[in-house]
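Chains G and C, in that order, are what the protein sequence lines are. In this note's numbering, each residue's number is its place in the first sequence (first place is 1) plus 17. In this note's numbering, each residue's number is its place in the second sequence (first place is 1) plus 849. Glycine included, each C-beta is placed from N, C-alpha and C at the ideal position. A quick note: this is a predicted structure, and the numbers were derived from the prediction, not measured.
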Amino acid sequence: MSHPIQLHPSADFIARTRAATADKDLRKGFRGAMDFLQAKRAAQFPDPVELETLRDLGAAIRRHSLACLPDLLEQLEGRLTANGIQVHWAETPDEANAIVLDIVRRRQAKSVIKGKSMVSEEVAMNHVLEAAGLEVLESDMGEYIVQLAGEAPSHIIMPAIHKSKQQIAALFAAKLPGVAYTEDVDELIRIGRDVLRRKFAAADIGLSGVNFAVAETGTLFLVENEGNGRMCTTVPKVHVAITGIEKVVAKLEHVAVLNTLLPRSATGQAVETYQNFISGPRKPDELDGPEEVHLILLDNGRTQAYADREFRATLQCIRCGACMNHCPVYARIGGHAYGTTYPGPIGAIISPHLLGIGATHALATASTLCGACAEVCPVRIPIPQLLIRLRNEAQADSAHASALRGAGESHSVLGSLIFRAWALLYAHPAFYRMATWLMSRLRVLAPARQGAWTQMRTPLIPARRRLRDLLREPRRDAARDSTVA
Amino acid sequence: MEHDTAGARRYPAKPADVYLFATCLIDQFAPEAGMDTVRLLEREGIRVHFPADQTCCGQPAYTSGYPDEARAVAARQLELFPEPWPVVVPSGSCAAMMRHHYPKLFAADKVHLAKSEELAERIFEFTEFLVHVVHFDRPDHGAASTVALHTSCHARREMGSHASSEALLAGLSRVKLVRQEHAEECCGFGGTFSVRHPAISEAMVTDKVQSLVAAGAECVVSADSGCLFNILGRADHMDRAAGRDSPSLPCEHIANFLWRRTAETLNGESA
């Protein structure tokens, strides 16, 4: 059973980061994996001009999709329906799960096999289906591993990236009957596949995510590397796809561009092993394919981001995971410490709309704003700028708090007082001069303990004389008549 | 996030006068970095004007969720530079704040927006200014030395001035520049991040110190004091914990380093 979603990821965030950074194996594992993925991505984009041009194009396509989102969704629904795909709209996770349970009941389904879907994680679908008595099996190898371990994915593309070969070997030996401990990766994959192959044939419903939904053709585009996605969407009699409302694009040709960016940014692959274009259920003259295909379009707070001129950029995301692969914070704490379905930089900017700004405030502050994420984002989401905006919204006082869900919930009286005092000092040069003069004079009294700063650094001591003092002194070395004015 | 890349920006001819916006960190905690910035510019025949009313660029409030307080402080800095001279900032991070973020901060305030846009064009990170405006070229009088360069994230990703810092060090004949692993990665300072998220900050800065030591650097040079205080403070702390008396990782602002190596005393010996 997968972890239920944390409703207030901010609450124990600091404690989780302490535990994660103290875990040497986790640190080493993530560092190695991130270095590997960064190098693979870099190798895919040898020509910076091509890369920047593609990013411009990718960003323009995603912005265009969002600019006409309501129209595109309407067009998508029309085309999908004409193609025989049943479209369902879900405003909340509960509604999405209710739609799936309804299909389950109508088909009297006993088992569900799943391809990789982060949106299904977002709505905690495994949890709900299992509670309703269904057998749910993840068929993506990484997802299968975290499901066996009773964990949640720690990365949106590589769910089990936090696990070492040895940990997976021990997990398989402990959980799978008759399986002996082996660290042979090929053998481990073979063991997993054996289990999964048998389940595909027996499953009543196949569930998958969607990478892009094409409005003009009514096509669901899904990429994967293991073939399990194609099995999930073609072998069971019912295929249910679930995705966020932002994943729509206007034209098929837009997919060509976005999918030139997606695998190269994500795993550093030139192209995925499988690209599935799903355009409807089995037709009367066809031999295989599902009898029913459903698409669930989930809102879950996305319309809040959509309605805001600045936050709308959040929805440009194509879920490649490059931001987390390049994030120095993610590399130190891994995905689980975030406590959200989507970890890393994209998690910090999308989660506030799903769970509220107050509940996720710690994620927005857990960034140095270094900009590594924005530098690699294939669709140019200005992530650091959005983090700054989220910080503003989170701590705003009641007079300034916006209508965004959870805005102002993290308002701190002490924090406001500190920054008000700071502004008083720094916006009034006379005060500033007096305060800094005092600090230089009283430098011997500089505290040896300066809060969290000196937990692991030596204290900061003001200089004997400030720069402005030194500049006023006569200088032997003066080469020009520079001034202090 | 906007980027400046060397070559994309149009640079003026070397001026007779510049303003120095020294930053609050240098004014209070590292004044010698400011002094050497002045010395290096004066030696090139440039008069340096230090507006005494300068305080801070406002970044601490801007990145901590206090835009009103940031605006109050930033608005005062906008008044400091009435002449059309370049404004030299010996910090990539503060320069980026003034060049790229002031216009965002004042987006809804027409008067301040116009001023901040005008000022943005005149903001130069110090090494960027030395390379592209001054065309700095001075002989190296220092002893053979192995150094590593740490570039702040805003210098690298917003000002593009990692290239100019590198070029200055490459121009010193007796300096060997070594490259630490993950050179482009953040040191973990991030302003209030360093005290809000101490565990993550510690993990990042510890890795940074270790990579710099492993690279064999005798000295770490940076154009950003915030990063330097973070790296040096951590390295000192690790030295003390290990019982070492002398610093295993001396750090220096690039202005101090450049002046020390290129200054000549009266008898021609190195300073």
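Opposing strand residues paired with residue i [DSSP bridges]
i	result
residue 88(G)	Its beta-bridge partners do not exist; DSSP assigns none.
residue 995(C)	1025(C)
residue 230(G)	237(G), 265(G)
residue 896(C)	866(C)
residue 1101(C)	1070(C)
residue 256(G)	223(G), 310(G)
residue 936(C)	868(C), 972(C)
Buried versus exposed, by CB contacts within 10 Å (16 or more), residue i
i	result
residue 865(C)	exposed
residue 194(G)	exposed
residue 490(G)	exposed
residue 18(G)	Confidence is the limiting factor: at residue 18(G) the pLDDT is only 37, short of 50, which leaves the residue's position unreliable and the question unanswerable from this model.
residue 264(G)	buried
residue 451(G)	exposed
residue 33(G)	buried
residue 1049(C)	buried
residue 434(G)	exposed
residue 373(G)	buried
residue 986(C)	exposed
residue 1115(C)	Note that residue 1115(C) scores a pLDDT of 45, beneath 50, so its modelled location is shaky and nothing firm can be said.
residue 198(G)	exposed
residue 24(G)	exposed
residue 125(G)	exposed
residue 307(G)	buried
residue 351(G)	buried
residue 27(G)	buried
residue 146(G)	buried
residue 206(G)	exposed
residue 316(G)	buried
residue 131(G)	buried
Enclosing alpha helix (DSSP H) for residue i [first to last residue]
i	result
residue 1043(C)	1042-1045
residue 282(G)	269-283
residue 398(G)	Neither: residue 398(G) is in no alpha helix (DSSP H) and is coded neither H nor E.
residue 1069(C)	From DSSP, residue 1069(C) is part of no alpha helix (DSSP H) but of the beta strand (DSSP E) over 1068-1071.
residue 57(G)	41-61
residue 448(G)	446-458
residue 189(G)	182-192
residue 123(G)	110-124
residue 428(G)	Neither: residue 428(G) is in no alpha helix (DSSP H) and is coded neither H nor E.
Cβ-heavy atom distance, residue i to the ligand GTP, below 7 Å
i	result
residue 231(G)	The model depicted lacks the ligand GTP and carries no ligand whatsoever.
Proximal chain G residues relative to residue i, where beta-carbon distance stays under 9 Å
i	result
residue 969(C)	In chain order: nothing, as chain G lies at least about 16 Å away.
residue 928(C)	None at all; the shortest Cβ gap to chain G is about 10 Å.
residue 888(C)	492, 494, 495, 496
residue 1085(C)	474, 475
N- and C-terminal bounds of the beta strand (DSSP E) containing residue i
i	result
residue 315(G)	309-315
residue 293(G)	291-295
residue 982(C)	No beta strand (DSSP E) holds residue 982(C); DSSP gives it neither H nor E.
residue 223(G)	222-225
residue 131(G)	128-131
residue 154(G)	152-155
residue 107(G)	102-107
residue 973(C)	972-974
Chain-ordered chain C contacts of residue i [CB-CB under 7 Å]
i	result
residue 409(G)	914, 916
residue 386(G)	912, 1039
residue 331(G)	Within 7 Å Cβ-Cβ: nothing; residue 331(G) doesn't reach chain C, min ~15 Å.
residue 392(G)	1006
residue 35(G)	1048
Listed by chain order, chain C residues near residue i by CB distance under 9 Å
i	result
residue 439(G)	905, 909, 910, 915, 918, 922
residue 382(G)	913, 914, 1041, 1042, 1045, 1046
Per-residue contacts from residue i into chain C (C-beta, under 8 Å)
i	result
residue 502(G)	898, 899, 900, 901
Where residue i meets chain G, residues with beta-carbon distance less than 8 Å
i	result
residue 876(C)	453, 483, 484, 485
Closer than 7 Å at the beta carbon, the chain G residues around residue i
i	result
residue 870(C)	Neighbours of residue 870(C) on chain G: none; closest Cβ ~11 Å, over 7 Å.
residue 895(C)	497
In the stretch 234-258 of chain G, which residues sit with their C-beta less than 7 Å from some C-beta in chain C, listed in chain order?
For the stretch 234-258 of chain G, which is checked against every Cβ of chain C, not one residue is closer than 7 Å.
Which residues, taken in chain order from the stretch 939-961 of chain C, show a beta carbon closer than 8 Å to some beta carbon of chain G?
Those residues of the stretch 939-961 of chain C that come within reach of chain G (Cβ to Cβ, closer than 8 Å) are 953.
Would you list, in chain order, the members of the stretch 340-355 of chain G that have their beta-carbon closer than 8 Å to a beta-carbon of chain C?
Near chain C, meaning a CB-to-CB distance below 8 Å, the residues of the stretch 340-355 of chain G are 345, 346, 349, 350.
Members of the stretch 466-492 of chain G that neighbour chain C once the beta carbon cut-off is set at 7 Å
Of all residues in the stretch 466-492 of chain G, 468, 469, 470, 472, 473, 474, 475, 477, 479, 480, 482, 483, 484, 485, 487, 488 have a Cβ within less than 7 Å of some Cβ in chain C.
What residues from the stretch 982-995 of chain C come within 8 Å of chain G, judged by C-beta to C-beta, listed N to C?
The residues in question: there are none.
According to a CB-to-CB cut-off of less than 8 Å, which residues of the stretch 269-298 of chain G neighbour chain C?
Here the close residues number zero.
Short-range partners of chain C found in the stretch 62-85 of chain G, where Cβ spacing is below 8 Å
Listed by position along the chain: nothing, the set is empty.
Which residues, in chain order, does the stretch 1043-1070 of chain C contribute to contact with chain G at a C-beta distance below 7 Å?
Going along the stretch 1043-1070 of chain C in chain order, one finds 1043, 1044, 1045, 1046, 1047, 1048, 1049, 1051, 1052, 1053 with a Cβ nearer than 7 Å to chain G.
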